[in-house]
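Have a look at the structure below, then the notes.
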Amino acid sequence: MGMPRPPRPSRVNSLRMKLLVIRHAPAEDAAAFASSGQDDALRPLTPAGKRKMKKAAAGLRRVVGRIECLASSPYRRALQTARILARKFDDLEVEQREELVPGRRPAALLRWLKGLDSAAVVGVVGWTLHRPGAVSSRGAAWGE
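Quick note on numbering: the numbering used here labels position 107 of the sequence shown as 115, and the sequence is numbered without any gaps.
Dropping the structure here:
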């Protein structure tokens with residue numbers, strides 16, 4: 009006989025948020041920038057990093073088609089990356105989120121994401137989600 013088939017999900021239950029975790033484009037060397045005495049939050053993208061991100065953003069647009077919400081860490085390099093993306097996605101507004109700043113708990117970002125449309129395509133540019141184990145489809149690695 010075989011195993012019974014699981015019930016098909018309803019259309020409402022099958023809608024899932026698509027979360028695009030985007031790392032900032034190549035930035036100035038951290039050690040060299042630190043020697044300038046400026047805060048790391050001000051470290052910008054390199055000219056080559058900007059060029060690479062423009063190409064990557066065009067490719068992402070072809071692959072995903074749309075992004076409804078784009079959030080970024082307030083760090084300069086993340087904002088620069090997000091603004092390049094925003095231009096490729098019809099000048100989408102970039103929302104700065106403190107939850108994406110280095111050292112913040114991923115659970116705070118998860119709480120914000122839960123308040124968004126569950127069927128949205130959301131892009132986030134920042135540090136929080138780039139740690140091993142930070143991303144989980146159920147939020148388990150985020151302490152929720």
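Heads up, the beta-carbon is just placed ideally off N, CA and C, and yes, glycines get one too. Treat the numbers as computed from the prediction; the structure is a model and nothing was measured.
According to DSSP, is residue i helix, strand or coil?
| i | result |
| --- | --- |
| residue 124 | coil |
| residue 103 | strand |
| residue 109 | coil |
| residue 35 | strand |
| residue 51 | coil |
| residue 146 | For residue 146, the pLDDT reaches just 46, beneath the cut-off of 50, and the residue's location in the model is therefore unreliable, although a value from the coordinates is still provided. Residue 146 falls in the coil class under three-state DSSP. |
Hey, could you find the ends of the beta strand (DSSP E) residue i is sitting in?
| i | result |
| --- | --- |
| residue 133 | 129 to 133 |
| residue 93 | Unbroken run through residue 93 is the alpha helix (DSSP H), 84 to 96; no beta strand (DSSP E). |
| residue 79 | 77 to 80 |
| residue 27 | 26 to 30 |
Over the uninterrupted alpha helix (DSSP H) stretch that includes residue i, give me the two end residues.
| i | result |
| --- | --- |
| residue 40 | 38 to 42 |
| residue 65 | 55 to 72 |
Closer than 8 Å by C-beta to residue i: which residues in its own chain qualify, once you throw out the five before and the five after it? Chain order, please.
| i | result |
| --- | --- |
| residue 69 | 96 and 97 |
| residue 58 | 33, 88 and 92 |
| residue 122 | none |
| residue 72 | 26, 28 and 129 |
Who are the near neighbours of residue i in its chain, counting only those whose CB is closer than 7 Å to its CB and skipping five residues on each side?
| i | result |
| --- | --- |
| residue 50 | 84 |
| residue 111 | none |
| residue 36 | 51, 52 and 54 |
So, under 8 Å CB-CB, residue i and residue j are touching, yes? Tell me the CB distance rounded to an integer number of Å.
| i | j | result |
| --- | --- | --- |
| residue 38 | residue 53 | Actually they are not in contact, since the Cβ atoms of residue 38 and residue 53 sit about 13 Å apart, beyond 8 Å. |
| residue 135 | residue 81 | 6 Å |
| residue 93 | residue 65 | 5 Å |
| residue 86 | residue 29 | Contact doesn't hold; Cβ gap of about 12 Å is too wide. |
| residue 90 | residue 102 | 5 Å |
Looking only at its chain, what residues have a beta carbon closer than 6 Å to the beta carbon of residue i, apart from the 5 residues adjacent to it on each side?
| i | result |
| --- | --- |
| residue 27 | 130 |
| residue 24 | none |
| residue 105 | 79 |
For this session: Answer yes if the region 124 to 135 comes into contact with the region 61 to 80, meaning at least three C-beta pairs across the two stretches below 8 Å, and no otherwise.
Result: Taking 8 Å as the limit for Cβ pairs, the verdict is that the region 124 to 135 does touch the region 61 to 80.
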